[in-house]
Amino acid sequence: MRFCLWLSCALLAVGLASAQPRKMKVHISVDMEGIAGVVTADQLSPGSFEYERFRNFMTKEAVAAVNGAKAAGATEIVVADAHGNGENLLIEQFPSDVRVVRAWPRHLGMMGGIDSSFDAAIFIGYHASTNNVSGVRAHTFSSGRLTKVSLNGIVVTEGANNAAVAGHFGVPVVMISGDDAAIAEVRKLVGPIEAAETKKALGFHSANSLTPAASCELIEKTARAAIAGVSRFKPYVIKGPVVLEMGLKHYTPVEILGYLKGVTRVDSHTIRWTGADMIEVSDFIQFVTHFNLNMEP
313 MRFCLWLSCA LLAVGLASAQ PRKMKVHISV DMEGIAGVVT ADQLSPGSFE
363 YERFRNFMTK EAVAAVNGAK AAGATEIVVA DAHGNGENLL IEQFPSDVRV
413 VRAWPRHLGM MGGIDSSFDA AIFIGYHAST NNVSGVRAHT FSSGRLTKVS
463 LNGIVVTEGA NNAAVAGHFG VPVVMISGDD AAIAEVRKLV GPIEAAETKK
513 ALGFHSANSL TPAASCELIE KTARAAIAGV SRFKPYVIKG PVVLEMGLKH
563 YTPVEILGYL KGVTRVDSHT IRWTGADMIE VSDFIQFVTH FNLNMEP
């Protein structure tokens, strides 16, 4: 009798546990150049005549991704503002249970806030690399400073680099939104992830774009499909040690960086440095792209 009672209680506990919804944690990194309608600096920087409108469109695309992820079962979402000054997203437009990572400098850069507790990563508003002859506003991390970023001899976009950061933690990237050139570049390295094409690149400063409303509808639908099928995707992993090469537009910082132990000056515009893993590489990139003596008080 006691055994039957114990067995009944055990089965009830198992049933209650299995009835609890599975936790699903999603990281969403949001850039701006890949947002629908963005084509020039007029939309991208504070003070530019269309910036305020387009930071609103950027926010709505991010919220659309949040809504799609939630509809597919996401229970916890962190959104990283990964464009410009890192203070573009209108945080009051997000659901109250979403957390937002803002401003620079920060550990892990565009993937700030991610760790091994996440189940999936999504890229919104991403753009092509500086080496791409297509792509709207194509660049890699810093349009004013860098000409190339490669990992273990493979030239990468911001998307591929960020996917490797996520992959370090065992987190797969499941979706990207942006122009057709950006999507093709990331898929080439990361794999056939879900994609929402917000526009077709016609040139560095021109595109055939969806409207903001149509883009949000597509992003929400795509994010829902991506999270619903999260088990289909595998992390993009670059095993350490990771050899980083960075091409810089100006030779002076290359010369100075070459003074550092472990940094090799490959040529007048290129440095090489080896990190133990993608976390060290990410931090090194953050240093090169953000350090400025003007930060001193």
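When the letters of the sequence shown are read in order and numbered with our numbering, they come out as residues 313 to 609.
Note that beta-carbon positions come from the ideal geometry of N, C-alpha and C, so glycine has one too.
Inset, instruction - Spatial neighbours of E399 within its chain, please: CB distance less than 7 Å, with the 5 preceding and 5 following residues excluded, ordered by chain position. - result: Only residues of its own chain outside the window of five on either side were considered, and among them D393, R414, A415 have a CB closer than 7 Å to the CB of E399, listed in chain order.
Inset, instruction - Let me know the secondary structure DSSP gives D343 once reduced to three states. - result: Coil at D343, not helix or strand.
Legend entry - alpha helix (DSSP H) segment containing T371, residue limits: 363-383 is the span of the alpha helix (DSSP H), which, as asked, contains T371.
Inset, instruction - Only counting runs of 3 or more residues, tell me where the beta strand (DSSP E) segments fall wholly within the segment 577-602, in order along the chain. - result: List check, beta strand (DSSP E) in window: 582-587.
Inset, instruction - Let me know if P553 comes out buried or exposed under the rule of 16 or more other beta-carbons within 10 Å of its beta-carbon. - result: Per the 10 Å Cβ criterion, exposed.
Legend entry - Same chain, Cβ closer than 7 Å to D589, neighbours up to 5 away in sequence not counted: The beta carbon of D589 lies closer than 7 Å to those of H480, G552, V554 in the same chain, with the five residues before and after it left out.
Inset, instruction - Rounded to whole angstroms, what's the CA-CA distance from E664 to P407? Just pull it up for me. - result: With the chain represented from 313 up to 609, any question about residue 664 goes unanswered, as that position is not in the structure.
Legend entry - Inter-stretch contact (C-beta, 8 Å, three-pair minimum) for the segment 474-489 and the segment 535-545: Yes, they touch.
Inset, instruction - Look at the alpha carbon of W585 and the alpha carbon of V593, and state the distance between them as a whole number of angstroms. - result: In this model, W585 and V593 are separated by some 8 Å (Cα to Cα).
Legend entry - Beta carbon of H439 nearer than 8 Å to that of E345: Yes, these two residues count as a Cβ contact at 8 Å.
Legend entry - Coil, strand or helix - N443 by DSSP: In this structure, N443 counts as coil in the three-state DSSP scheme.
Legend entry - Rounded distance between the beta-carbons of V338 and D431, thought under 8 Å: About 7 Å; that satisfies the 8 Å criterion.
Inset, instruction - Could you check if G559 is buried or exposed, using at least 16 other CB atoms within 10 Å of its CB as the buried criterion? - result: G559 is buried by the Cβ-count criterion.
Inset, instruction - Mark A386 as exposed unless 16 or more other C-beta atoms lie within 10 angstroms of its C-beta, in which case mark it buried. - result: With 16 or more Cβ atoms within 10 Å of its Cβ, A386 is classed as buried.
Legend entry - Beta-bridge pairing of A508 - partner residues as DSSP gives them: DSSP lists S489 as partners of A508.
Legend entry - Other residues of its chain near K512: CB distance less than 7 Å, five sequence neighbours each side excluded: Around K512: D491, D492, A519, N520.
Legend entry - Close beta carbons around H517, own chain, < 6 Å, minus the five adjacent residues each side: Closer than 6 Å at Cβ, skipping near neighbours: V351, T352.
Inset, instruction - Flag F596 as yes when its Cβ comes closer than 7 Å to any non-hydrogen atom of the ligand FAD, and as no otherwise. - result: As for the ligand FAD, it is missing from this structure, which has no ligand bound.
Inset, instruction - Answer yes or no: do I550 and N464 have a C-beta to C-beta separation smaller than 8 Å? - result: Taking a C-beta distance under 8 Å as the contact criterion, I550 and N464 qualify as a contact pair.
Legend entry - Cβ-Cβ separation, G570 to I583 (assumed contact under 8 Å), whole Å: 6 Å between Cβ atoms; contact.
Inset, instruction - Give me whichever residues DSSP pairs with V448 in a beta bridge. - result: According to DSSP, V448 bridges with nothing at all.
Legend entry - Assumed close pair E532, A433 - CB separation to whole angstroms, cut-off 8 Å: Contact between E532 and A433 is absent: CB atoms are separated by about 17 Å, not below the 8 Å threshold.
Legend entry - Among R499, L458, F599, A478, nearest to H581 - alpha-carbon criterion: Sorting R499, L458, F599, A478 by C-alpha distance to the C-alpha of H581 places L458 at the top.
Legend entry - Status (buried if at least 16 other CB within 10 Å, exposed otherwise) for Y563: Answer is exposed; the Cβ neighbour count stays below 16.
Legend entry - Spatially closest choice to E557 from G587, C528, L530, E529, by CA coordinates: Considering only alpha carbons, the answer is G587.
Inset, instruction - Determine the extent of the beta strand (DSSP E) in which V413 is found, giving its start and end residues. - result: V413 -> beta strand (DSSP E) spans 411-413.
Legend entry - Cβ neighbours of A374 in the same chain (closer than 7 Å, five flanking residues each side left out): Around A374: I340, V342, V391, L401, I436.
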